[in-house]
């Protein structure tokens, strides 16, 4: 590990300033990290390659989606910015999986891409304690195992006590389209070439991951008459600070690939970088290119596509579901095989992008690097994929750096507390061999982690760590009071004649006398129908009604899951000694011993979740702890 002394560094460089923390990168992870630090009173400098990349969306122009909507609501509940900014820039809202259970329903918004960047930059420029600096980070300066600064490519040194690395996909990135390879970042932005070697010198394990993006089309060349529209919905917004969603929303459109599309791809796999060896990085399993989908699912007749507007002031259209790295001529031919796109014109060709990232098993649950105090990483450098996953990590890394510098206990969210807790625990306990994407199936306690109750779960925590403002907290208290009043009102008796007619309408058995509104919900009657038929709850917020309905309907499941949560909490509350020598612990299998030494779990709960650690290994640890406790 490189060692420096302050005087040696300053002899050959100049001071770029002194602050509490430096955030390297200004994408979604960097934005949340920087704002969390600055808003909790710490002098913060954001070092970014280009001011035009602040809050930039290099891929899809949307926020939220399955499981991702949960993350955005949790970010907002803790006092973060993504949900607020998305609401200000939203073109359309939809609730995904509305026909399924409440646990998997997720809010998604199409947003104005350029406006989102502009709005986030404006927030940066009007945030106290926050300075923006354009430049490339060349080196993280470490002395005595602690961070003391960041050196820029032009020789400036920023002296600080903490660094959050949120470099996204910019480290040694290259974009690939057919045989055309450019040493560049996303969307033609400059890449970062100096920091990777420094990270290696500091002991990080570096990996090579890959992702991609589809082409952007000129909306004037699309035959929308041939494509089914997908209108927006009047649902609730992401942020508690947003009053309501707009009544008028911009529609998206559906399209589909076909046999001609698939044949063109299969006939030209020798020109596909994914299959001819040009691309070596590991790509995301859950967001594959169209080449991968066609090869992997040859029996499938078509793949669904979504045509999404990039903004209110542009004709550019994003074709979700048609990511590719095929050469330009094949791209144009392929897009024109799709009904409605026969005459389409491409304004930005699709590309794949490879980049350096780290092994997330090198991190503590706080997202601090195990080998260097004060050094945190967040976002795609940790091997994740997606704006929302990045923002969630940035928020936690920034908060934990702030808490550490303020002499306070860290914020480590449990798996039963938040999707953010699941995300980070997966990264630091299980690791990832491919770009990690959050999914509802990853959360074992997802019935507790619904997006409708994110405020209930996390806002008090956000207040404790100093990020939730008084304005937001008062709105939270008002919402909680409204929810309590609504739950109380739902225990009132329903008018019998109307209740009988309602259950008959839904095909349910006749009711006993004295039924309450809550009883009707338990029978399966939607709360919206109850409100309409009985002329009640007209002024109650939609998300409050949704939350009350869910808690009543799933009360039995929630009670049964509480035992599992109590057991998990007990395991989390059993710490493992940080200096425990697993190599000398008899009874542990070899694989378990290697994994425990590598990860060094903080407690039994984390140890239990490590891949390769069996129940028998956990029993060995429990026996050791019992003996150690009695002998100490």
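In our numbering, the protein residues as written are -4 to 627. Glycine included, C-beta positions come from ideal geometry on N, C-alpha and C.
{"Asked": "Tell whether a beta-carbon distance below 8 angstroms holds between residue 334 and residue 385.", "Found": "no"}
{"Asked": "Which same chain residues end up closer than 7 angstroms to residue 500 when comparing Cβ atoms and leaving out the 5 residues on each side of it in sequence?", "Found": "none"}
{"Asked": "Any idea which residues DSSP pairs residue 90 with across the strands?", "Found": "102"}
{"Asked": "Please state the DSSP three-state secondary structure of residue 133.", "Found": "strand"}
{"Asked": "Measuring straight from C-alpha to C-alpha, what distance separates residue 348 and residue 179?", "Found": "9 angstroms"}
{"Asked": "Whole angstroms are fine: how far does the CA of residue 606 sit from the CA of residue 620?", "Found": "21 angstroms"}
{"Asked": "Mapping DSSP to helix, strand and coil, what is residue 238?", "Found": "coil"}
{"Asked": "Leaving out the 5 sequence neighbours to the left and right, which residues in its chain are closer than 7 angstroms to residue 37 when beta-carbon positions are compared?", "Found": "15, 16, 124, 397 and 400"}
{"Asked": "Taking 8 angstroms as the threshold (C-beta atoms), are residue 62 and residue 240 in contact?", "Found": "no"}
{"Asked": "Return the chain-ordered list of same chain residues with a C-beta closer than 6 angstroms to the C-beta of residue 371, the five sequence neighbours on each side being excluded.", "Found": "159, 362, 363, 392 and 396"}
{"Asked": "Here's a check: name, in chain order, each residue in its chain whose Cβ is nearer than 6 angstroms to the Cβ of residue 425, leaving out the five neighbours to either side.", "Found": "606"}
{"Asked": "Please classify residue 628: does DSSP put it in a helix, a strand, or coil?", "Found": "Because the chain here runs from -4 to 627, residue 628 falls outside it and cannot be looked at."}
{"Asked": "Got a sec? Which residues, its chain only, sit under 6 angstroms from residue 323 by beta carbon, not counting five neighbours each side?", "Found": "344"}
{"Asked": "Sorted by chain position, which residues of the same chain lie with C-beta nearer than 7 angstroms to residue 587's C-beta, five sequence neighbours on each side aside?", "Found": "607, 608, 609 and 612"}
{"Asked": "Please state if the CB of residue 360 and the CB of residue 597 are separated by a distance shorter than 8 angstroms.", "Found": "yes"}
{"Asked": "Write down the C-beta distance between residue 413 and residue 69 rounded to the nearest angstrom, noting that I regard them as a contact closer than 8 angstroms.", "Found": "5 angstroms"}
{"Asked": "For residue 58, count neighbouring Cβ atoms within 10 angstroms of its own Cβ and tell me buried if that reaches 16, exposed if not.", "Found": "buried"}
{"Asked": "Would you please state the rounded distance, in angstroms, between the beta carbons of residue 637 and residue 516? I believe it to be under 8 angstroms.", "Found": "Lying before the first or after the last residue shown, residue 637 is absent from the chain, which here runs from -4 to 627."}
{"Asked": "Would you call the region 174 to 191 in contact with the region 146 to 165, where contact means no fewer than 3 C-beta pairs closer than 8 angstroms?", "Found": "yes"}
{"Asked": "Count the C-beta pairs between the region 274 to 282 and the region 255 to 265 that are closer than 8 angstroms, then say yes if the count reaches three, no if not.", "Found": "no"}
{"Asked": "Please name the residue or residues paired with residue 342 in a DSSP beta bridge.", "Found": "Answer is none; residue 342 lacks a bridge partner."}
{"Asked": "Per DSSP, what kind of secondary structure is residue 622 in: helix, strand or coil?", "Found": "helix"}
{"Asked": "Which full runs of the alpha helix (DSSP H) of 4+ residues lie inside the region 420 to 499, going along the chain?", "Found": "449 to 459 and 465 to 484"}
{"Asked": "Would you say the region 115 to 123 touches the region 24 to 36, given that touching needs at least three Cβ pairs under 8 angstroms?", "Found": "yes"}
{"Asked": "Look at the Cβ atom of residue 52, then the Cβ atom of residue 88, and state whether they are nearer than 8 angstroms.", "Found": "no"}
{"Asked": "Compute the beta-carbon to beta-carbon distance between residue 19 and residue 106, rounded to the nearest angstrom, for a pair I have assumed lies under 8 angstroms.", "Found": "That belief does not hold up - the Cβ atoms of residue 19 and residue 106 are roughly 25 angstroms apart, past 8 angstroms."}
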